[in-house]
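*Asks:*
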Amino acid sequence: MKKYDIAVVGAGPGGCMAAIQGAQQGNKVILLEKNDIIGRKLLLTANGKCNLTNSSTLEVFLEKFGKNGSFYRDVFSEFSNQDLMNFFQKNGLKLKEKDDGRIFPFTEKSKSIVNVLLKVLEEYDVDVSYNYCLKHLQKASENFELRSTKNEVITAQSVVIATGGVTYKFTGSTGDGFRIAESLGHQVTDLKPGGVPLRVSEEWVHDLKGVTLENVGLSIGYGKKKKFLSSGNLLLTHFGVSGPVILDSSNMIVELMDLHGDIKLYIDFVPEIRPETLGVCLVEDFQKQSKKSLRTYLTNHLPKSMIDPILNNISIDPKKKLNQVTKKERLNLLETLKSLPLTLSGYLPIDKAMITCGGVSQKEINPRTMESKLVGNLFFAGEIISGCGGRGGYNLQQAFSTGYVAGNSAAKILKDNKTA
Numbered sequence: 274m275k276k277y278d279i280a281v282v283g284a285g286p287g288g289c290m291a292a293i294q295g296a297q298q299g300n301k302v303i304l305l306e307k308n309d310i311i312g313r314k315l316l317l318t319a320n321g322k323c324n325l326t327n328s329s330t331l332e333v334f335l336e337k338f339g340k341n342g343s344f345y346r347d348v349f350s351e352f353s354n355q356d357l358m359n360f361f362q363k364n365g366l367k368l369k370e371k372d373d374g375r376i377f378p379f380t381e382k383s384k385s386i387v388n389v390l391l392k393v394l395e396e397y398d399v400d401v402s403y404n405y406c407l408k409h410l411q412k413a414s415e416n417f418e419l420r421s422t423k424n425e426v427i428t429a430q431s432v433v434i435a436t437g438g439v440t441y442k443f444t445g446s447t448g449d450g451f452r453i454a455e456s457l458g459h460q461v462t463d464l465k466p467g468g469v470p471l472r473v474s475e476e477w478v479h480d481l482k483g484v485t486l487e488n489v490g491l492s493i494g495y496g497k498k499k500k501f502l503s504s505g506n507l508l509l510t511h512f513g514v515s516g517p518v519i520l521d522s523s524n525m526i527v528e529l530m531d532l533h534g535d536i537k538l539y540i541d542f543v544p545e546i547r548p549e550t551l552g553v554c555l556v557e558d559f560q561k562q563s564k565k566s567l568r569t570y571l572t573n574h575l576p577k578s579m580i581d582p583i584l585n586n587i588s589i590d591p592k593k594k595l596n597q598v599t600k601k602e603r604l605n606l607l608e609t610l611k612s613l614p615l616t617l618s619g620y621l622p623i624d625k626a627m628i629t630c631g632g633v634s635q636k637e638i639n640p641r642t643m644e645s646k647l648v649g650n651l652f653f654a655g656e657i658i659s660g661c662g663g664r665g666g667y668n669l670q671q672a673f674s675t676g677y678v679a680g681n682s683a684a685k686i687l688k689d690n691k692t693a
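Just so we're aligned, residue 274 is where the sequence shown starts under this note's numbering, counting upward by one.
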């Protein structure tokens, strides 16, 4: 039976950082990984380019995690985006920033991130055990006993669970950590898909699969409320809608769908123009270009393949000349250009999502230390914690920050116990 000071379960970004921080302070640390490599899911991040973090302010980071954001204030303050960038740069990795604040390795290869983590793990003599699948975790006296599916047993004074969620299951994220957490008395909140495409009812949308709408505004309506979400590119699919603007907003949309059921999406094709201004433009254009067909005119505002379906949807003949369009039809067109309604009918399953929303309840985790409030010397890091953020490097920062704090906190407790 091997004995360690700290055992970290899961060698993703949170687990690697926790292991490094624990070992950096002189502890004997083992990192237990289900796969035959570390960071398997990390290698897929941002299509293999690895959007490491974002240059946004702390307040923006908290906003990206919605109602769960305040929980992360302490960890993002203790190990910030700048701290994460400094860590990789200090270890020889050049970084670059995109116009929207996203931070990438200069190589734009996730492997560059993984290589740095491997190098630092080796530098601090962290034992890495590959192909280790944790079956059972229990606290016996002052130590934890960890047993694998092959009946390999190790003991540790502290344990960090960083096993991720349930997306990209082929990478090993099969929910093992949730099962272990529940066995120790923790509540696991409902697991929902984050960063996921949405289903819509309108058949004409399905027929336009592959069409991209550039820089559209996206709002959502539920009950008597209508809320602007974001703007960006939107992709029409054979089942509904996807693309950056949808994936960025889907966390909130999925939550609202589960709460309210009847939800509408509203697409603004010209978000840079106010409705009143666009109304005046339509009147003037229709007068100046009176002999032009509506179909031809709308190529200024819509992809060609969308024009006929949208006009048919509001019962306007696409071949109609602009001087034949009635006031009522013009107002309907204005409303459609600024607020095209789509009926949401669902979302893709969690195995098609980018990240898991939900997990070990934040109420049962100390936000300053990432330690369990139920089981002493048990810590959590990364996606296993309930509350996911938006796209753009925010979730990866959450994993590294919670891992950093969990590893440091575990090391501090061990140090305090030795000096007591």
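Glycine is no exception: its CB is placed at the ideal position from the N, C-alpha and C atoms.
Bear in mind the structure is a predicted one, so any value in this text is a computation, not a measurement.
Measure the alpha-carbon distance for Ile657 versus Asp372 and round it to whole angstroms.
*Replies:* If I take the Cα positions, the gap works out to 31 Å.
*Asks:* With distance defined between alpha-carbon atoms, name the residue in Leu471, Asn341, Ser329 nearest to Gln635.
*Replies:* Gln635 has its Cα closest to that of Asn341, out of Leu471, Asn341, Ser329.
*Asks:* Can you have a look at Ile427 and say buried or exposed, based on whether 16 or more other CB atoms are within 10 angstroms of its CB?
*Replies:* So Ile427 counts as buried.
*Asks:* If you draw a straight line from the C-alpha of Glu381 to the C-alpha of Ile453, how long is it?
*Replies:* For Glu381 and Ile453, the distance between alpha carbons rounds to 35 Å.
*Asks:* Counting C-beta neighbours from all protein chains within 10 Å, is the total for Gly321 16 or more, i.e. buried, or is it exposed?
*Replies:* Per the 10 Å Cβ criterion, exposed.
*Asks:* Kindly list the residues whose CB is nearer than 8 Å to the CB of Val769, restricted to its own chain and excluding five residues on each side of it in sequence; keep chain order.
*Replies:* Here the chain comprises residues numbered 274 to 693, so residue 769 is not present and cannot be evaluated.
*Asks:* Looking at Pro517 and Asn524, is the spacing between their C-beta atoms short of 8 Å?
*Replies:* Not a contact, by the Cβ cut-off of 8 Å.
*Asks:* So, helix, strand or coil for Lys369, using DSSP?
*Replies:* If DSSP states are grouped into helix, strand and coil, Lys369 belongs with the strands.
*Asks:* Could you give the C-beta distance for Ser414 and Gly374, rounded to a whole number, given that I count them as a contact under 8 Å?
*Replies:* So it is not a contact: roughly 48 Å between Cβ atoms.
*Asks:* Would you mind giving the Cβ-Cβ distance between Leu669 and Asn324, rounded to the nearest angstrom? I have them listed as a contact below 8 Å.
*Replies:* Yes, they are in contact, since the Cβ atoms of Leu669 and Asn324 sit about 7 Å apart, within 8 Å.
*Asks:* Please check the pair Arg664 and Asp521, which I expect to be a contact at CB under 8 Å, by giving their CB distance rounded to whole angstroms.
*Replies:* Going by Cβ atoms, the distance from Arg664 to Asp521 rounds to 5 Å, so yes, they are a contact pair.
*Asks:* What does DSSP give as the partner residue(s) for Val461 in the beta ladder?
*Replies:* DSSP, once it has assigned bridges, lists Val633 as partnering Val461.
*Asks:* Taking Ser402 and Glu476 to be in contact with their CB atoms under 8 Å, please state how far apart those CB atoms are, rounded to whole angstroms.
*Replies:* Going by Cβ atoms, the distance from Ser402 to Glu476 rounds to 52 Å, so no, they are not a contact pair.
*Asks:* Whose C-alpha, out of Ile623, Lys577, Gly680, is nearest the C-alpha of Gly468?
*Replies:* Residue Ile623 is the option with its Cα nearest to Gly468.
*Asks:* Cα separation between Arg641 and Val393?
*Replies:* Those two C-alpha atoms are separated by around 25 Å.
*Asks:* When DSSP labels each residue in this structure, what does Val432 get in the three-state scheme?
*Replies:* Val432: strand per DSSP, three-state reduction.
*Asks:* Going by DSSP, what residue range makes up the alpha helix (DSSP H) through Gly655?
*Replies:* Gly655 -> no alpha helix (DSSP H), and no H or E assigned at all.
*Asks:* Hey, could you find the ends of the alpha helix (DSSP H) Thr569 is sitting in?
*Replies:* Taken as a continuous stretch (DSSP letters only), the alpha helix (DSSP H) holding Thr569 covers 567-570.
*Asks:* Short of 6 Å in beta carbon distance, which residues of its chain neighbour Phe673, apart from the five on each side in sequence? Order them along the chain.
*Replies:* Answer for Phe673: Pro286, Met290, Leu357, listed in chain order.
*Asks:* Measuring alpha carbon to alpha carbon, tell me which residue in Ser659, Ala292, Leu407 is nearest Thr462.
*Replies:* Thr462 has its Cα closest to that of Ser659, out of Ser659, Ala292, Leu407.
*Asks:* Scan the region 326-357 and note each continuous beta strand (DSSP E) run of 3 residues or more that stays entirely inside, going in chain order.
*Replies:* Here no run is fully enclosed.
*Asks:* Might you give, ordered along the chain, the residues of its own chain that have their beta carbon closer than 8 Å to the beta carbon of Asn404, omitting 5 neighbours on each side?
*Replies:* Excluding residues within five positions, the ones whose Cβ falls inside 8 Å are Glu306, Lys307, Asn308, Asp309.
*Asks:* Assuming Asp531 is part of the alpha helix (DSSP H), what are its boundary residues?
*Replies:* It spans 517-533 - the alpha helix (DSSP H) in which Asp531 sits, taken as one unbroken run.
*Asks:* Who are the near neighbours of Leu419 in its chain, counting only those whose CB is closer than 8 Å to its CB and skipping five residues on each side?
*Replies:* Excluding positions up to five away in sequence, the list reads Ala280, Val282, Leu305, Leu407, His409, Leu410, Val426, Ile427, Thr428, Ala429, Val432.
*Asks:* Here's a check: name, in chain order, each residue in its chain whose Cβ is nearer than 6 Å to the Cβ of Asn301, leaving out the five neighbours to either side.
*Replies:* The sequence given here has Lys at residue 301, not Asn. So the list reads Tyr277, Asp278, once near-sequence residues are dropped.
*Asks:* Rounded to whole angstroms, what is the Cα-Cα separation between Lys565 and Glu608?
*Replies:* Taking the straight line from one Cα to the other gives about 21 Å.
*Asks:* Using a Cβ distance threshold of 8 Å, determine whether the region 583-594 contacts the region 483-494, with at least three qualifying pairs required.
*Replies:* Segments in contact, no.
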